[in-house]
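Number of protein chains: 2
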Amino acid sequence: MSLLGTSIIGASRGNGSKVTTHAINPATGEKLEPAYLGATSEEVARALELAAAAFPKYSRLSGKERGAFLRAIAGEIETVADEIAARGPLETGLPEARLRGETARTTGQLRLFAALAEEGSWVDARIEHAQPDRQPLAKVDLRSMLRPLGPVAVFAASNFPLAFSVAGGDTASALAAGCPVIVKAHSSHPGVSEIVGAAVRRAAEKTGMPEGVFSLLYGGGRDVGIALVEAPQIKAVGFTGSRSGGTALMAAAAKRPEPIPVYAEMSSINPVVFLPEILAQKGEVLAEGLFGSLTMGVGQFCTNPGLVFLEENSAGPFLAKLKTLVEAGAPGVMLNSAICEAYHSATSDLAKKKDVAVLAKAAAAPGQGQGSPVVFQTSVDTFTADPELCAEMFGPATLVITGSLEKITAAIVDLEGQLTTSIHGTDTEIAQVDDLLAAMENRSGRVIFNGFPTGVEVCHSMVHGGPFPSTSDGRSTSVGSMAIHRFARPISWQSAPQSALPAELRDGNPSGIWRMIDGQRGQG
Amino acid sequence: MSLLGTSIIGASRGNGSKVTTHAINPATGEKLEPAYLGATSEEVARALELAAAAFPKYSRLSGKERGAFLRAIAGEIETVADEIAARGPLETGLPEARLRGETARTTGQLRLFAALAEEGSWVDARIEHAQPDRQPLAKVDLRSMLRPLGPVAVFAASNFPLAFSVAGGDTASALAAGCPVIVKAHSSHPGVSEIVGAAVRRAAEKTGMPEGVFSLLYGGGRDVGIALVEAPQIKAVGFTGSRSGGTALMAAAAKRPEPIPVYAEMSSINPVVFLPEILAQKGEVLAEGLFGSLTMGVGQFCTNPGLVFLEENSAGPFLAKLKTLVEAGAPGVMLNSAICEAYHSATSDLAKKKDVAVLAKAAAAPGQGQGSPVVFQTSVDTFTADPELCAEMFGPATLVITGSLEKITAAIVDLEGQLTTSIHGTDTEIAQVDDLLAAMENRSGRVIFNGFPTGVEVCHSMVHGGPFPSTSDGRSTSVGSMAIHRFARPISWQSAPQSALPAELRDGNPSGIWRMIDGQRGQG
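Sequence lines, in order, name chains S and B.
Going by my numbering, the first residue of the first sequence is number 1, and it counts up by one from there.
Going by my numbering, the first residue of the second sequence is number 1001, and it counts up by one from there.
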């Protein structure tokens, strides 16, 4: 397709404001055509009106109809996979293979949510029958299920131009729940966003969805984004990005006349603890694993292992191997110049810290837009005394922290909330560190044993969400099928005639879903 | 028991600050002994420390152990039912029978949550097995379940001195989830709070719970409350009370370095719509039903029907009967002088409004601390034009609004969020008002057919929560078993050895709960 550079507002295209932006090739600094025109405030208002108008209709479609829409989106994205693979590397610096893999992950994710909507049991349908003769009071017929919240604003991420972007997990889970979606495109990859947004539109038209079910807005500054969060039509927000961006949206949402939930996935440094016996047994293998996790995608993952805790006595071979790997490590093009500059600034700040040493850094100097692997080292006492050592360095950098197990445990207890915590140990070692495991559980959403935090499986049991500030709302996940619950709320129907009930709550279970009837679960 | 007038801080009693308060008998204005001593800031800090220390232990108890604690609380409360029945009417103006009934509701609620914890399936356990040979990437073993958030602060309500107070629904659901609880007593019924708080303590000691699992704090102003909400140890808040109180807690929680969820149940005017055919068929019976719902408990329920919508043409007999009932209605003692004054002020403000008429008011003049039934009437055009007509009048007052079905539907669409919406109609009528039903669903947490909003069944399918401002978080309920989900978050364990997993996630299902295994639900 030829890129038009304009917002997609329901079935129409925006004309755009005079504020234009271009994608920049991070490897060269070169401007990429076309210019992208920010949405005007009238265009934002139009997208909001369309979404609000679509809600009553879209939210009352059956799960099978919503599933068909999601499958159509996946199919349409597959037809433009080559275009994505061509444009994506120019906009993001990511290799074609990664973009093709991420496209497959995205379509897989859309189909997971399609299956969830089609199967339908996620709504947690509950029926309690009337007991008119109950003493001292009659019991009424009461039936409940989850229903969608309303239109959702989704803020796309820079580091996953597909899986956490226009048709990524937030969009897929909100659409599956029954919520129309307005996406604010990320300025780093407007072209990929337009290709995917146009695919979503085609799917909406082919499956006869109401016009306002999906819009995609471009906007230079924060204006479009804040307008979306403040709009009365919007009932929830999904965001993946920086801590400052996420907390700004949280504050705006809390100040609304009607506060709304914000699901922001923001900042995590993903501590990895190595216990001494496993480190003595296979230090070099563990160093290879850590290095792979640290440098994958030039370290630009929210699950990048940014802190490494160990007792120094048995760590010699591990540290030596890690040093060798890092020194031989190659610089890589980062997603955009802002991320690259922030990475250089964060790592050079850390290098200046008293009592923080550079354990190893890549020998090759970084080229334009590139970041290089670097590993710092300090003591747990220094770490505990300086909160700045917990700042996220978004890129292939980590901080090795050495000290006693007791002090390591205390440091984990005091950490801010994390997406993940990881521990490496023999079975015997792990059986002896209950306090550490309790602290890891308490401070994160996913506890990993003898593995590394990168690699987030899209499935029913994934929790990609943890206590603040890793996410704004640690009661939720932004990856996996449980993500659908973010965009729904329970509603009860009391003494309703069958015709006024959603199919999921009717006698005879026409939807064939799992339900709880008078306290008993089953498919009846 | 003899009342001591001091906070219960773990296993100890507070000494209290110099700030004392007394319960006041609302029927007489008489001060009740003893004086209640507000908790000092040191005592608040001690309760917080104890709760934080209790969390790792209490949260890892089995559901059966937590269930035993909740059942012990119910049993201990039953042993002091006579004391509650003696003290309660003095503090609240509520009749003894109501307090005995509410005591039974409270112990029933505790046992419902005990059963939920003991049965254990509420944790939504999910297991996905590893697929080491999967292409292109191996799949890891991943297991998830809900785990408690941490210590919870509960703010007791004035209008349910038992069921929404010290050992009420918030406390029961938080304890069942695995969270220690610190209750801030309501100043209206300190004696009943102390009787119940002491019962909870005895239960904690008899079942060997960690000391900090429960504390009860008194405090005159908002200091103790705000200190609890701002404390880093507190991870969630439950509140039942006014809109101003609830929104103040929401703002304080949002401003914390680590924002936490606030579950505030605040303000609802519970519209009831009467369709013309049913009104023509049985107007007098419906007037009796409305009058009963309106005046129950002197109208001091969050589900009190504060708005009544109807088309005037067939409403003659209904309105005539309602007028007769209200004029013969008796004044009743309200919960405290602040509520009584607010009621008189709200109803006299409304009476002064241009275009709002008094349809009927009780003939007998209210005595000390009493409120009387009153019904106002206006047109839907006047109602729509004046947002002040939506203000809650906490007491036995309602506003009848007449107009066309189309305008009534538009007025419901534009309402703020409600706990409930109710509709009365014949089956034929209800089948023809899809837009109205969609608006009712969209604006409330419970949609009631041919019934009235008072009467909130404590069961699995109850939703007592709606869009803001009826509650702070319409994704939750404060009544019924789903309330437990407010105090938990999902956590994943990746590649964990069996010994490091909670029992709910182990192979062989030692807990015997419902789980989802590789996408399939079952008890295996």
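From the three backbone atoms N, C-alpha and C, an ideal C-beta is built for every residue, glycine too.
Whose C-beta lies closer than 8 Å to the C-beta of B:I1513 among residues of the same chain, with five residues either side of it excluded?
E1119, G1120, S1121, V1123, A1125, E1504, Q1523
Within the continuous beta strand (DSSP E) that includes S:Q135, where are the two ends?
Segment: none, S:Q135 is in no beta strand (DSSP E) and carries neither H nor E.
Less than 8 Å between CB atoms is the rule here; does B:M1209 satisfy it with respect to chain S?
no
Restricting to Cα atoms, I'd like to know which of S:G75, S:A115, S:L216, S:V200 is closest to S:G16.
S:L216
Length of the line joining the Cα atoms of B:P1161 and S:Q233
38 Å
Quick one: residues in its chain with C-beta nearer than 6 Å to the C-beta of B:A1114, no 5 flanking neighbours on either side, listed in chain order?
G1067, L1070, R1071
Pull up the CB-CB distance for B:T1295 and B:P1396, whole angstroms please, since I reckon it's below 8 Å.
Here B:T1295 really is in contact with B:P1396; their C-beta atoms are around 5 Å apart, less than 8 Å.
Using DSSP bridges, identify the partner residues of S:M516.
The partner list for S:M516 (beta bridge, DSSP) reads S:R126, S:R521.
Can you give the beta carbon distance from S:G465 to S:G451, rounded, assuming they're within the 8 Å contact cut?
Going by Cβ atoms, the distance from S:G465 to S:G451 rounds to 19 Å, so no, they are not a contact pair.
Can you name the residues that DSSP bridges to S:V333?
S:Q370
Are the beta-carbon atoms belonging to B:G1306 and B:E1392 less than 8 Å from one another?
yes
Three or more C-beta pairs closer than 8 Å, one from the stretch 168-177 of chain S and one from the stretch 148-157 of chain S: is that the case here?
yes
Looking at the unbroken beta strand (DSSP E) that takes in B:S1422, where does it start and where does it end?
1418-1424
Runs of 3 residues minimum, wholly inside the stretch 146-190 of chain S: which ones carry the beta strand (DSSP E) assignment?
Those beta strand (DSSP E) runs which fall completely within the stretch 146-190 of chain S and span 3+ residues are 152-155, 181-184.
Unbroken beta strand (DSSP E) run spanning B:Y1218, endpoints:
That residue, B:Y1218, is in no beta strand (DSSP E); it is neither H nor E in DSSP.
Does B:P1497 have its Cβ less than 8 Å from a Cβ in chain S?
yes
Counting only Cβ-Cβ distances shorter than 8 Å, please list the residues of the stretch 1437-1462 of chain B near chain S, keeping chain order.
L1437, A1438, E1441, N1442, S1444, G1445, R1446, V1447, I1448, F1449, N1450, G1451, G1455, E1457, C1459, H1460, S1461, M1462
Would you grab the beta carbon distance between S:E96 and S:P89 for me? Rounded to a whole angstrom, and I think it's under 8 Å.
5 Å
For B:R1111, which residues from the same chain have a beta carbon less than 8 Å from its beta carbon, with the 5 sequence-adjacent residues on both sides left out?
L1070, R1071, A1074
Please tell me whether S:L290 and S:L279 are closer than 8 Å, where the distance is taken between their beta carbons.
Cβ distance not < 8 Å, so S:L290 and S:L279 don't count as in contact.
Would you mind reading off the limits of the beta strand (DSSP E) that contains S:E265?
262-265
Work out the CA separation of B:E1211 and B:R1201 for me, nearest whole Å.
The alpha-carbon separation between B:R1201 and B:E1211 amounts to approximately 9 Å.
Thinking B:A1362 and B:A1342 are a contact (beta carbons under 8 Å), I'd like their distance in whole angstroms, please.
About 18 Å separates the two Cβ atoms, so there is no contact after all.
At a CB-CB cut-off below 7 Å, which residues of chain B make contact with S:L142?
In chain order: E1457, C1459, S1461, M1462.
Do B:E1265 and B:T1107 have their beta-carbon atoms positioned less than 8 Å apart in this structure?
no
Terminal residues of the alpha helix (DSSP H) in which B:G1316 lies
Note, B:G1316: alpha helix (DSSP H), 1316-1327.
In the structure shown, what three-state DSSP assignment does S:E258 receive?
Coil at S:E258, not helix or strand.
Could you name the residues of chain S that B:W1514 contacts, counting a contact when the two beta carbons are closer than 8 Å?
R521
Under 8 Å by Cβ, that's how I've got B:A1163 and B:E1076 pegged, so tell me the actual separation to the nearest angstrom.
Their Cβ separation, rounded to whole angstroms, is 16 Å, which puts B:A1163 and B:E1076 out of contact at 8 Å.
Find out if the Cβ-Cβ distance for the pair S:M145, S:I517 is shorter than 8 Å.
no
Taking any Cβ of chain B, which residues in the stretch 476-495 of chain S have a Cβ under 7 Å from it, in chain order?
T477, M482, R489, P490, I491, S492, W493, Q494, S495
So with CB distances below 8 Å, who are the chain B contacts of S:M250?
The answer, in chain order, is A1254, P1259.
By DSSP, does S:T471 sit in helix, in strand, or in coil?
strand
Which residues in the same chain as B:L1031 place their Cβ atom closer than 7 Å to its Cβ, once the five residues preceding and following it in sequence are excluded?
With the sequence shown as reference, residue 1031 of chain B is identified as Lys, and Leu is not the correct amino acid for it. Here the set comprises H1022, I1024.
What do you get for B:Q1368, buried or exposed, if any count of 16 or more other CB atoms within 10 angstroms of its CB means buried?
exposed
Here's the rule I'm using: 16 or more other beta-carbon atoms within 10 Å means buried, otherwise exposed. How should B:K1184 be labelled?
buried
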